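**Student:** Below is one structure. I have some questions about it.
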Amino acid sequence: MTAEKRIPLHILREITNGFSEHSRIGRGGYGDVYKGVYSGREIAVKLLHVDTVLGHDDRQYINEVGNLLKVKHPNIVQLLGYCYEIQNELIEHNGANHFTRHVYRVLCFEYLQGGSLDKHLREESFAPDWSTRYKIIKGICEGLNFLHSCEPPIFHLDLKPANILLDSSMAPKLADFGLSRLFGGSHTHVTNRVVGTEAYMPPEFIKDAYISHKNDVFSLGLVMIEIIKGSSGYSGYIETDEVGQFSNWKNRIKATSEYPLEESHQVQICIDTAMRFVEPDRNNRPNIAEVLDILSKTETHIPKRQMADVFPCPTIGLKSESNMLEMMVAELNNNEHRHCNLMPTDNSNRTVQQLADRETSSDVEQVIIGRTKEKQKILSILSESITEEMVILPIYGIGGIGKTTLAQLVFNDPKFQDYTRVWVYVSQEFNLNKIGNSIITQLTDKISNIPTKQMLHKRLKELFDGKSILIVLDDLWEENPKELDKMKVMLGLGLGSKVIIVTTRDGGLARKICSPAVTPYKLETLTVDKCWTIIKQKADFEDRVDQEQLEHIRREIATKCGGVALAAQSLGHMLNGMTADEWESVRDSYFWSLSTSEGHEVLGSLLLSYSHMSVSLKLCFSYCAIFPKGHIMMKYDLIYQWIALGFIEQSRIFNFMQLSEDYIMQLLGMFFLEYSKQRCYIFQDE
Numbered sequence: 001m002t003a004e005k006r007i008p009l010h011i012l013r014e015i016t017n018g019f020s021e022h023s024r025i026g027r028g029g030y031g032d033v034y035k036g037v038y039s040g041r042e043i044a045v046k047l048l049h050v051d052t053v054l055g056h057d058d059r060q061y062i063n064e065v066g067n068l069l070k071v072k073h074p075n076i077v078q079l080l081g082y083c084y085e086i087q088n089e090l091i092e093h094n095g096a097n098h099f100t101r102h103v104y105r106v107l108c109f110e111y112l113q114g115g116s117l118d119k120h121l122r123e124e125s126f127a128p129d130w131s132t133r134y135k136i137i138k139g140i141c142e143g144l145n146f147l148h149s150c151e152p153p154i155f156h157l158d159l160k161p162a163n164i165l166l167d168s169s170m171a172p173k174l175a176d177f178g179l180s181r182l183f184g185g186s187h188t189h190v191t192n193r194v195v196g197t198e199a200y201m202p203p204e205f206i207k208d209a210y211i212s213h214k215n216d217v218f219s220l221g222l223v224m225i226e227i228i229k230g231s232s233g234y235s236g237y238i239e240t241d242e243v244g245q246f247s248n249w250k251n252r253i254k255a256t257s258e259y260p261l262e263e264s265h266q267v268q269i270c271i272d273t274a275m276r277f278v279e280p281d282r283n284n285r286p287n288i289a290e291v292l293d294i295l296s297k298t299e300t301h302i303p304k305r306q307m308a309d310v311f312p313c314p315t316i317g318l319k320s321e322s323n324m325l326e327m328m329v330a331e332l333n334n335n336e337h338r339h340c341n342l343m344p345t346d347n348s349n350r351t352v353q354q355l356a357d358r359e360t361s362s363d364v365e366q367v368i369i370g371r372t373k374e375k376q377k378i379l380s381i382l383s384e385s386i387t388e389e390m391v392i393l394p395i396y397g398i399g400g401i402g403k404t405t406l407a408q409l410v411f412n413d414p415k416f417q418d419y420t421r422v423w424v425y426v427s428q429e430f431n432l433n434k435i436g437n438s439i440i441t442q443l444t445d446k447i448s449n450i451p452t453k454q455m456l457h458k459r460l461k462e463l464f465d466g467k468s469i470l471i472v473l474d475d476l477w478e479e480n481p482k483e484l485d486k487m488k489v490m491l492g493l494g495l496g497s498k499v500i501i502v503t504t505r506d507g508g509l510a511r512k513i514c515s516p517a518v519t520p521y522k523l524e525t526l527t528v529d530k531c532w533t534i535i536k537q538k539a540d541f542e543d544r545v546d547q548e549q550l551e552h553i554r555r556e557i558a559t560k561c562g563g564v565a566l567a568a569q570s571l572g573h574m575l576n577g578m579t580a581d582e583w584e585s586v587r588d589s590y591f592w593s594l595s596t597s598e599g600h601e602v603l604g605s606l607l608l609s610y611s612h613m614s615v616s617l618k619l620c621f622s623y624c625a626i627f628p629k630g631h632i633m634m635k636y637d638l639i640y641q642w643i644a645l646g647f648i649e650q651s652r653i654f655n656f657m658q659l660s661e662d663y664i665m666q667l668l669g670m671f672f673l674e675y676s677k678q679r680c681y682i683f684q685d686e
């Protein structure tokens, strides 16, 4: 855990009025929860029961913090900070004063206005419409599936309505990870300590203390039954048959829904799924990923506006900060941007070079701001230019402006749903064989390593013939006209319609490769208002209680981004959790004066983010610069190198692996690393 997330106990006492009864918003078996305001944001402060014996329950605390460090998902509660302090306190005992050591363990989470699910289930007015209940069910499934998909998997082991929180829009988030565990190998375990909530435990756990991911599946089934039927739970559910329960919902849906047939089918699927989840034999319970596929299919028949709310992971020495910043400035000015792919370890197959083809992906972020008009313009240009032959449309602009994002939007547009689509990350290392083999691999779903030009062209011609194909060549740098002509020849093989979208920084290159019938599309910078929208989202501005105080400087800060999306994203992440005074300090920082050269508007934002890193995080990030361009590095291999070189800070509570995982998450959040579709991390440089 990094120093930035440590919150001193005296501050937590202050914001909760000394952990007063008035500030308390919840109680549990492991501690009480209080509401407070920290750095302008409402937070939930979970104070674990104070312990006078050092070491007792530390394991539970470390489990919860360690696991929350590893996960970041819309349906999992966000950890904002923690506190672990030992204090000597004077107490009176038998008429004499004694000093006693008290261990304070505190977790600070995002505050969710909806409270816990169990409170809503007890209310008669709870979600009379099916769509809200389905949204909660689907969100819980998404969050749990994410935990089970982690490497190693995380089992929650105490899933119940009280540990599911709801935000203001009734979106669910899993909470209370105190009992959760990480499992490797066979992902099963037998424990000699049965803990948790018995009403939600599967038979094999109560009888034999047997643990697997099916424990969570069983608990999820019970939670689903409560959501469908109400708080009477499983015992109340089995007293009535499924037909009766389905009839109740069918009648309610018929009276209230615009899509009664579709929603009734969805209810039936959820009832059937819940009953499969609570099978006594764990081997008969389905995996959550399997069920998510089934649930998603039920959504295809309900219009999107009805489903809009459903939520679909050489040795470097110490240098002075000034020297390090000078190095970063020189690096950016020289356009020497290195790509380092960090892939999570897979012990079953450590051959990863085949995955080097695509270091960006066609996947679109959940929320894209400010590029709708640009996408429509691109689609309009292409619709006017598509023929039986090939059209090449380049998109060019400065680094970080959003070229890849715009290409992703076009790539995924329904207009091209009948096209065979291929996404190729090119990079500064231009290799025609690599590009060709990447296309073949995606068209055939089989790894291609054709070594010769003749054989490559023959195979491409076979695959291109008779097809309508959309190909995105992302991040092209090659300027040699002869090499570009060779690429055009290769892409033009076969009979059929081909649309080629190229992203590049170089306007001259864009004009060289562009089809005669079209003009290269220059992507302009974002407006100040759109930059502010990005910052506001990344900084969780809507959750702050001091919005009026910051109103006068928000536009000034947004202007600093120079209309570059990457700068706004990085800046927003850094501002998240800062006080109003710190926002003003960011606005007045001298780093902005370094962003003077054209195309380097992002520099000030990145330097600011770098300057706010801890010393250990700076070392870890700077170490990545030793790798050559395009180098592939297993994620945990890099972590082990950080640890071996002594870059990770010391902690009494968290081990080096937990801290390193947090470093990775911070670098992702600041957009110094990017998470690719193939589960690789790359240095962000759009």
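UniProt numbering numbers the first residue of the sequence shown as 1 and each following residue consecutively.
Cβ coordinates follow ideal geometry from the N, Cα and C atoms, glycine included.
Note that the coordinates shown come from a computational prediction; the quantities given were computed from them, not determined experimentally.
#1: Taking only three categories from DSSP, how would you classify Met666?
#2: Using alpha carbons as the reference points, say which of Thr503, Gln442, Glu462 and Ile398 lies closest to Cys561.
#3: Would Val489 be called buried (16 or more neighbouring beta carbons within 10 Å of its own) or exposed?
#4: I need the straight-line Cα distance from Ile653 to Asp58, nearest angstrom please.
#5: Since Ile140 and Leu174 are thought to touch, with beta carbons under 8 Å apart, how far apart are those beta carbons, to the nearest angstrom?
#6: Using the C-alpha atoms, what's the distance from His10 back to Ser39?
#7: If you drop the 5 nearest sequence neighbours on each side, which residues of the same chain put their C-beta closer than 8 Å to that of Ser383?
#8: Please state if the CB of Pro74 and the CB of Ser116 are separated by a distance shorter than 9 Å.
#9: Rounded to the nearest angstrom, what separates Ala644 and Lys461 at their Cα positions?
#10: Let me know the beta strand (DSSP E) ranges lying completely inside the region 82-117, each 3 residues or longer, listed in chain order.
#11: Exposed or buried, what is Tyr237 when buried is set at 16 or more other beta-carbons lying within 10 Å of its beta-carbon?
#12: Should Gly646 be labelled buried (16 or more other beta-carbon atoms within 10 Å of its own) or exposed?
#13: Taking Cβ to Cβ, would you say Thr475 is nearer than 9 Å to Thr404?
#14: Counting C-beta neighbours from all protein chains within 10 Å, is the total for Gln650 16 or more, i.e. buried, or is it exposed?
#15: Applying the criterion that 16 or more other CB atoms from any shown protein chain within 10 Å of the CB defines a buried residue, is residue 695 buried or exposed?
#16: So what does DSSP say about Asp474, is it helix, strand or coil?
#17: To which residues of the same chain is Val518 closer than 7 Å at the C-beta, ignoring the five residues directly before and after it?
#18: For Gln113, tell me which candidate among Leu165, His148 and Ile395 has the shortest Cα-Cα distance.
#19: Which partner residues does Lys35 have in the DSSP bridge list?
#20: Which residue marks the beginning of the alpha helix (DSSP H) containing Arg276, and which one marks its end?
#21: Ignore the nearest five residues each way along the sequence and tell me which others in Ser589's own chain have a CB closer than 7 Å to its CB.
#22: If you run the structure through DSSP and keep just helix, strand and coil, what is Pro161?
#23: Assign Asp445 to buried or exposed, taking buried as 16 or more other Cβ atoms, counted over all protein chains shown, within 10 Å of its Cβ.
#24: Please look up how many angstroms separate the CB atoms of Ile271 and Ile228, rounded, as I've assumed it's under 8 Å.
#25: Quick one: what does DSSP say Ile653 is sitting in, helix, strand or coil?
#26: With burial defined as no fewer than 16 other Cβ atoms inside 10 Å of the residue's Cβ, what is the status of Pro481: buried or exposed?
#27: Compare the C-alpha of Ala625 against each of Leu638, Asp506 and Val615 and name the closest.
#28: Can you look up Ile392 in the DSSP assignment and give me helix, strand or coil?
#29: In chain order, what residues of the same chain lie with their CB nearer than 7 Å to the CB of His612, ignoring the 5 residues before and after it?
#30: Is it buried or exposed for Phe99, if we count other Cβ within 10 angstroms and need 16 for buried?
#31: Would you tell me roughly how many angstroms separate the C-alpha atoms of Asp346 and Ile450, rounded to the nearest one?
#32: Taking the alpha carbon of Leu617 as the point to measure from, which residue in Ser660, Ala127, Glu582 and Ser20 has its own alpha carbon closest?
#33: Would DSSP call Leu174 helix, strand or coil?
#34: Do Phe277 and Phe205 have their CB atoms nearer than 9 Å?
#35: Count the C-beta pairs between the region 568-588 and the region 533-542 that are closer than 8 Å, then say yes if the count reaches three, no if not.
#36: Rounded to the nearest angstrom, what separates Thr52 and Arg101 at their Cα positions?
**Tutor:** Reading off the structure:
#1: What you label residue 666 is simply residue 666 of the sequence shown in a count that begins at 1. One point to set straight first is that residue 666 is Gln, not Met, in the sequence displayed. Gln666 falls in the helix class under three-state DSSP.
#2: The residue given as residue 561 occupies position 561 in the sequence shown. Among Thr503, Gln442, Glu462 and Ile398, the Cα nearest to that of Cys561 is on Ile398.
#3: For this step, residue 489 is matched to residue 489 along the sequence shown. Classification of Val489: exposed, given that the 10 Å Cβ count is below 16.
#4: Mapped onto the sequence shown, residue 653 falls at position 653. Mapped onto the sequence shown, residue 58 falls at position 58. Approximately 8 Å between the Cα atoms of the pair.
#5: Walking along the sequence shown from the start, residue 140 turns up at place 140. Walking along the sequence shown from the start, residue 174 turns up at place 174. At roughly 7 Å, the Cβ-Cβ gap stays under 8 Å, so Ile140 and Leu174 are in contact.
#6: Taking the sequence shown and counting its residues from 1, one reaches residue 39 at position 39. Taking the sequence shown and counting its residues from 1, one reaches residue 10 at position 10. Going by the C-alpha atoms only, they are around 15 Å apart.
#7: As a position in the sequence shown, residue 383 is number 383, starting the count at 1. Hits under 8 Å: Lys415.
#8: Residue 116 sits at position 116 when you count from the first residue of the sequence shown. Residue 74 sits at position 74 when you count from the first residue of the sequence shown. No, the pair does not count as a contact, with Cβ atoms beyond the cut-off.
#9: Taking the first residue of the sequence shown as position 1, residue 644 is located at position 644. Taking the first residue of the sequence shown as position 1, residue 461 is located at position 461. Roughly 50 Å separates the two Cα atoms.
#10: As far as the region 82-117 is concerned, its whole beta strand (DSSP E) runs of at least 3 residues are 96-110.
#11: Here residue 237 refers to the residue found at position 237 when the sequence shown is read from its first residue. Note that Tyr237 has pLDDT 45, beneath the 50 cutoff, so the model's placement of it is unreliable and no number is given.
#12: The count along the sequence shown starts at 1 and reaches residue 646 at position 646. So Gly646 counts as exposed.
#13: As a position in the sequence shown, residue 475 is number 475, starting the count at 1. As a position in the sequence shown, residue 404 is number 404, starting the count at 1. Before going on, a small fix: residue 475 reads as Asp here, not Thr. Going by C-beta atoms, Asp475 is nearer than 9 Å to Thr404.
#14: Mapped onto the sequence shown, residue 650 falls at position 650. By the 10 Å Cβ count, Gln650 comes out exposed.
#15: With the chain represented from 1 up to 686, any question about residue 695 goes unanswered, as that position is not in the structure.
#16: Taking the first residue of the sequence shown as 1, we reach residue 474 at position 474. Three-state result, Asp474: strand.
#17: One-based indexing of the sequence shown puts residue 518 at position 518. Closer than 7 Å at the Cβ level, and outside the excluded window around Val518, lie Ile381, Ser385, Val391 and Leu393.
#18: In the sequence shown, the residue the question calls residue 113 occupies position 113. Checking every option, the nearest Cα to that of Gln113 belongs to Leu165.
#19: Taking the first residue of the sequence shown as position 1, residue 35 is located at position 35. Ala44.
#20: As a working note, residue 276 is residue 276 in the sequence shown. Where Arg276 is concerned, the enclosing alpha helix (DSSP H) stretches over Pro260 to Phe277.
#21: The residue you call residue 589 lines up with position 589 of the sequence shown. Taken in chain order, the residues that qualify are Leu608.
#22: Within the sequence shown, residue 161 is the residue found at index 161, counting from 1. Here Pro161 sits in helix by DSSP.
#23: Numbered from 1 along the sequence shown, position 445 holds the residue referred to as residue 445. By the neighbour-count rule (16 or more Cβ atoms within 10 Å), Asp445 is not buried but exposed.
#24: Residue numbering aside, residue 271 sits at position 271 when the sequence shown is read from its first letter. Residue numbering aside, residue 228 sits at position 228 when the sequence shown is read from its first letter. Yes, they are in contact, since the Cβ atoms of Ile271 and Ile228 sit about 6 Å apart, within 8 Å.
#25: Within the sequence shown, numbered from 1, the residue matching residue 653 stands at position 653. Residue state, collapsed to three classes: coil.
#26: Within the sequence shown, numbered from 1, the residue matching residue 481 stands at position 481. Its Cβ having fewer than 16 others within 10 Å, Pro481 is exposed.
#27: Within the sequence shown, the letter at position 625 stands for residue 625. Selected option, being the one with the closest Cα: Leu638.
#28: As a first step, residue 392 is located in the sequence shown; it is residue number 392 there, counting from the start. Strand at Ile392.
#29: Walking along the sequence shown from the start, residue 612 turns up at place 612. Excluding residues up to 5 positions away in sequence, Met574 lie with their Cβ nearer than 7 Å to the Cβ of His612 in the same chain.
#30: As a working mapping, residue 99 is identified with position 99 in the sequence shown. Exposed, since its Cβ has fewer than 16 Cβ neighbours within 10 Å.
#31: Translated into positions along the sequence shown, residue 346 becomes position 346. Translated into positions along the sequence shown, residue 450 becomes position 450. For Asp346, the predicted model reports a pLDDT of 42, less than 50, meaning its position is unreliable and no value from the coordinates is stated.
#32: As a first step, residue 617 is located in the sequence shown; it is residue number 617 there, counting from the start. When each option's Cα is compared against that of Leu617, the closest is Ser660.
#33: Along the sequence shown, one-based indexing puts residue 174 at 174. It is a strand residue.
#34: In the sequence shown, residue 277 corresponds to position 277, counting from 1. In the sequence shown, residue 205 corresponds to position 205, counting from 1. Against a cut-off of 9 Å, the Cβ pair of Phe205 and Phe277 comes out as no contact.
#35: The region 568-588 vs the region 533-542: in contact.
#36: Here residue 52 refers to the residue found at position 52 when the sequence shown is read from its first residue. Here residue 101 refers to the residue found at position 101 when the sequence shown is read from its first residue. Because Thr52 sits at a pLDDT of 41, beneath the cut-off of 50, its placement in the model cannot be relied upon, and the point is left open.
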